[in-house]
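Visitor: For the sequence shown, our numbering assigns the number 20 to the initial residue and increments by one for each residue that follows.
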Amino acid sequence: MSCHKKAYITTPIYYVNDIAHIGHAYTTIIADTLARYSRMSGLDTFFLTGTDEHGQKIEESAKSRGKTPQAYADEISAAFKDLWDDFDISYDKFIRTTDADHMKGVQKAFSVMHDNGDIYKDIYKGHYCISCETFFPASQLVDDEFCPECGKSTTIVEEESYFFKLSKYQDRLLEWYENNPECILPKSKRNEVIRFVEGGLTDLSITRTSFDWGVKLPENFNDPKHVMYVWLDALMNYLTALGYGTDDAKMDQWPARVHLIGKDILRFHAIYWPAFLMSLDLPLPKHIAAHGWWTRDGEKMSKSKGNVVNPREVADAYGLDNFRYFMLREVPFGGDGDFSQKALIDRINSDLGNDLGNLLNRLIGMSGKYFEGKVDSTNVAKYYQAELDEVHASLDKLEPLLFDMQIHRYLEELWRPLSVANRSIDKYQPWTLMKEGKEEEAMALNGLIAAILGKVSVMLYPVMPDICTKISDALGFKIDNASWNNIINERNLLEAFTIEKIPPLFPRVEEPLLEQAEPIDQKAEPKAEAKTKKEEKKEEGVALIGIDQFFQTSLKVGTVVKAEEVPKSKKLLLLQVDVGEEEPRQVVAGIKEWYSADDMLNTQVCVVANLKPAKLMGLKSEGMLLAAKDGDGLCMIRPEKPKTAGTPIG
Ligand code: ME8
Numbered sequence: 020m021s022c023h024k025k026a027y028i029t030t031p032i033y034y035v036n037d038i039a040h041i042g043h044a045y046t047t048i049i050a051d052t053l054a055r056y057s058r059m060s061g062l063d064t065f066f067l068t069g070t071d072e073h074g075q076k077i078e079e080s081a082k083s084r085g086k087t088p089q090a091y092a093d094e095i096s097a098a099f100k101d102l103w104d105d106f107d108i109s110y111d112k113f114i115r116t117t118d119a120d121h122m123k124g125v126q127k128a129f130s131v132m133h134d135n136g137d138i139y140k141d142i143y144k145g146h147y148c149i150s151c152e153t154f155f156p157a158s159q160l161v162d163d164e165f166c167p168e169c170g171k172s173t174t175i176v177e178e179e180s181y182f183f184k185l186s187k188y189q190d191r192l193l194e195w196y197e198n199n200p201e202c203i204l205p206k207s208k209r210n211e212v213i214r215f216v217e218g219g220l221t222d223l224s225i226t227r228t229s230f231d232w233g234v235k236l237p238e239n240f241n242d243p244k245h246v247m248y249v250w251l252d253a254l255m256n257y258l259t260a261l262g263y264g265t266d267d268a269k270m271d272q273w274p275a276r277v278h279l280i281g282k283d284i285l286r287f288h289a290i291y292w293p294a295f296l297m298s299l300d301l302p303l304p305k306h307i308a309a310h311g312w313w314t315r316d317g318e319k320m321s322k323s324k325g326n327v328v329n330p331r332e333v334a335d336a337y338g339l340d341n342f343r344y345f346m347l348r349e350v351p352f353g354g355d356g357d358f359s360q361k362a363l364i365d366r367i368n369s370d371l372g373n374d375l376g377n378l379l380n381r382l383i384g385m386s387g388k389y390f391e392g393k394v395d396s397t398n399v400a401k402y403y404q405a406e407l408d409e410v411h412a413s414l415d416k417l418e419p420l421l422f423d424m425q426i427h428r429y430l431e432e433l434w435r436p437l438s439v440a441n442r443s444i445d446k447y448q449p450w451t452l453m454k455e456g457k458e459e460e461a462m463a464l465n466g467l468i469a470a471i472l473g474k475v476s477v478m479l480y481p482v483m484p485d486i487c488t489k490i491s492d493a494l495g496f497k498i499d500n501a502s503w504n505n506i507i508n509e510r511n512l513l514e515a516f517t518i519e520k521i522p523p524l525f526p527r528v529e530e531p532l533l534e535q536a537e538p539i540d541q542k543a544e545p546k547a548e549a550k551t552k553k554e555e556k557k558e559e560g561v562a563l564i565g566i567d568q569f570f571q572t573s574l575k576v577g578t579v580v581k582a583e584e585v586p587k588s589k590k591l592l593l594l595q596v597d598v599g600e601e602e603p604r605q606v607v608a609g610i611k612e613w614y615s616a617d618d619m620l621n622t623q624v625c626v627v628a629n630l631k632p633a634k635l636m637g638l639k640s641e642g643m644l645l646a647a648k649d650g651d652g653l654c655m656i657r658p659e660k661p662k663t664a665g666t667p668i669g
């Protein structure tokens, strides 16, 4: 990233006609992640968010609630700001389009565009969708009346209007898309925009006279009945926030590194906005990055269905950082995503709890048990250079993925070092090293795990700032530009330290925590009279249980790290199974008729991990293995692909 020393990152400014939902939180959290990474890696960063408060839609919403538009906007804008503050969003400025400086900047832009010959007065005749605040030519309407974007009825408008010469910029826009393959991300969206522009651009009506709630034209136009079109007003926020038109102090941050938006507002950002900037003689943004839409349990969210996901509720129930991780990991940027509590719980228990949290617990356990809590990296390279190389190869791929908006891949790649760490514990077995008196090697393994956790916590910090701060505190260092330089850029390991014991970071989530239950699939519900398959099964003696009962059983993937026969027993094998804990579990399994000790060694199994310990032939057994037996004999149930020891099954 060395060629771009600055990083100006923006979210859309949110309409104040409704409170924040998961879609708003998603854009804001992506922007926050980019901003945090930019700062940590030493870029001069400016992160802007805010609210979009003018326009007919807001005026009408306020009226329907018996409020003035300003009072209404004040209230909702404050609610957005409070949410971002509670979410610890690291914005540098929160702009409101009702700010006096912003309005002055918009007027200045109007004058400059006019002086450059790009604005003329005429009559606008056509259709307007108030909900989308968009003009549509009749040819684009559905059934001659309805908005092609949202399906709502459009209004016929015939009024005097100022126009922006959008058509004049058609060729320059096409040239820009052509010469800057990454100007619109993901790249597939760029093609959509090119096709649209090639279809021909008509000039854009940029003032309205039929309502009042907007920025007036500059006084010298002497045309007080006009207010600016809300999208001209809104888009300009990206410049006025830097002082355009009032105090240009921060204008050197321009052009934006990335405007983050949702796919529904791509046209405004990828066509109108660069054309306005061309008219203002200003450079164009580097990326316009459009994400997809979130649904809930496969359905579109809407107030009437009552299924809108409230980000505050989710974060309160599951933890803010867990929510952040889920949203960024779950969906490839640009694609649509589905929110379900099950998917969120899976991510928490598996990726976070098992792969990350458990690794830290193991490190704390090993360091405490063998070295009085001390961790020293001095000999890591001597014993584990290959592992270090693998870790660094993954870490090197990360930064470009982030600014290419491949955030899910960033996180995927960031999990590889964790699996190197988990694998190394299984492979080198610190408890065996200690038994064999190889203390230096065991300490080096400890150092390797700590180094990996340290590096991962730095690179994960932009996504999970709070959790990663806790990890780095436990590992005795602070995450900042200096540590990023030291352990990421220069690939150094951690200084020797004494590890701090901290409680588990990701307590296992056993059942959905949000009150609003997952909608029940009506078709799957048993009918009142007719016996359903489910009921028939019940009569056969298979009791139906709820998902919560199922979750009471802790099933885990285990790796058999030692296997031997139980003397004098025809049936039993004595196994040591690594289930991701500090030490392997001893399991006595009645499988010798079908498997020898050698067959079982280094294979993976599924373990019931929360059974009360039992004794078999005088040997303690701390788990049970899943197997299936029919007339043909018994076979073990195993994961289809190797999985980290301790991965929950469910
Ligand atoms: O469009 N999933 O504001 P807005 C994901 N004021 N994202 C969603 C979503 C969903 N279900 N629903 C909405 C505006 N969004 C203008 C922006 S910028 C100069 C002016 C996203 O509050 C949507 O895609 O209606 C958009 O990016 C953002 O929320 C703000 O929407």
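Note that beta-carbon positions come from the ideal geometry of N, C-alpha and C, so glycine has one too.
None of the values given here were measured: they were computed from a predicted structure.
1) Flag this pair as touching only if the segment 380-399 and the segment 596-611 have three or more C-beta atom pairs under 8 Å; answer yes or no.
2) Once DSSP output is grouped into helix, strand and coil, what is the label at residue 472?
3) Tell me the rounded alpha-carbon separation between residue 412 and residue 57.
4) Contact defined as beta carbons within less than 8 Å: I believe residue 316 pairs with residue 357. What is the distance between those atoms, to the nearest angstrom?
5) So what's residue 755 in DSSP terms, helix, strand or just coil?
6) Counting Cβ pairs, one atom from each stretch, are 3 or more of them under 8 Å apart for the segment 361-372 and the segment 341-351?
7) Measuring CA to CA, which of 280, 370, 25 is closest to residue 524?
8) Provide the residue span of the alpha helix (DSSP H) that contains residue 309, from first to last.
9) If you compare alpha carbons, which of 237, 426, 406 is closest to residue 437?
10) Do residue 640 and residue 633 have their C-beta atoms within less than 7 Å of each other?
11) Roughly how many angstroms separate the alpha carbons of residue 372 and residue 89, rounded to a whole number?
12) Look up residue 515 in the DSSP assignment and say whether it is helix, strand or coil.
13) Do the CB positions of residue 228 and residue 244 come within less than 7 Å of each other?
14) Should the segment 117-124 be called in touch with the segment 43-52, which here means at least 3 C-beta pairs below 8 Å?
15) Is the beta carbon of residue 185 sitting closer than 7 Å to the one on residue 220?
16) Any chance you could list the alpha helix (DSSP H) runs of at least 4 consecutive residues sitting entirely within the segment 166-215, in chain order?
17) How about residue 576 and residue 623: are their beta carbons less than 7 Å apart?
18) Taking 6 Å as the cut-off, is the beta-carbon of residue 337 closer than that to any non-hydrogen atom of ligand 1?
19) Is residue 271 near ligand 1, in the sense that its beta carbon is under 6 Å from a heavy atom of that ligand?
20) Suppose you measure from the CA of residue 146 to the CA of residue 169; what does that come to, to the nearest Å?
21) Can you find at least 3 beta carbon pairs, one from the segment 419-437 and one from the segment 448-465, that sit closer than 8 Å?
22) Between residue 109 and residue 70, is the Cβ-Cβ spacing less than 7 Å?
23) Classify residue 313 as helix, strand or coil using the three-state DSSP reduction.
24) Nearest CA to the CA of residue 440: which residue from 451, 194, 470?
25) Residue 177 to residue 164, Cα distance in whole Å?
26) Verify the contact flag: residue 291, CB atom, against every heavy atom of ligand 1, threshold strictly below 6 Å.
27) Find out if the Cβ-Cβ distance for the pair residue 91, residue 98 is shorter than 7 Å.
28) Starting from the Cα of residue 663, find the closest Cα among 443, 401, 67, 40 and give me that residue.
29) Below 8 Å, how does it come out for the segment 125-134 and the segment 238-254: are there three or more Cβ pairs, yes or no?
30) Taking 6 Å as the line, does the beta carbon of residue 103 fall inside it for any heavy atom of ligand 1?
31) Within its chain, find whatever has a CB closer than 6 Å to the CB of residue 61; leave out the 5 residues flanking it on each side and keep chain order.
32) Could you give the first and the last residue of the continuous beta strand (DSSP E) run that contains residue 249?
33) For residue 238, which option in 130, 194, 141 has the closest C-alpha, if you only look at C-alpha atoms?
34) Mind listing, in chain order, the continuous alpha helix (DSSP H) runs of no fewer than 4 residues lying wholly within the segment 114-161?
35) Compare the Cα-Cα distances from residue 281 to each of 300, 308, 299, 620 and report the closest residue.
Guide: Short version:
1) yes
2) helix
3) The straight-line gap separating the alpha-carbon atoms of residue 412 and residue 57 is approximately 21 Å.
4) 7 Å
5) Since the displayed the chain opens at 20 and closes at 669, residue 755 lies outside it and no answer follows.
6) yes
7) The shortest C-alpha separation from residue 524 is found at 370.
8) Residue 309 -> not in any alpha helix (DSSP H); beta strand (DSSP E) instead, spanning 306-310.
9) 406
10) Residue 633 sits close to residue 640, with the two beta carbons spaced by under 7 Å.
11) Their Cα atoms are separated by approximately 46 Å.
12) coil
13) The answer is yes: Cβ separation under 7 Å.
14) no
15) yes
16) As summarised for the segment 166-215, the continuous alpha helix (DSSP H) elements at least 4 residues long and confined to that stretch are 189-198, given in chain order.
17) yes
18) no
19) no
20) 14 Å
21) Counting Cβ pairs under 8 Å, fewer than three are found: no touch.
22) Taking 7 Å as the Cβ cut-off, residue 109 and residue 70 do not qualify as a contacting pair.
23) strand
24) Cα-wise, what sits closest to residue 440 is 470.
25) 15 Å
26) no
27) No. Outside cutoff.
28) 443
29) yes
30) No; taking the cut-off as 6 Å, the Cβ of residue 103 has no heavy atom of ligand 1 nearer than that.
31) The beta carbon of residue 61 lies closer than 6 Å to those of 500 in the same chain, with the five residues before and after it left out.
32) Following the DSSP letters along the chain, one finds residue 249 in no beta strand (DSSP E) but inside the alpha helix (DSSP H) bounded by residues 249-254.
33) 130
34) 119-134
35) 308
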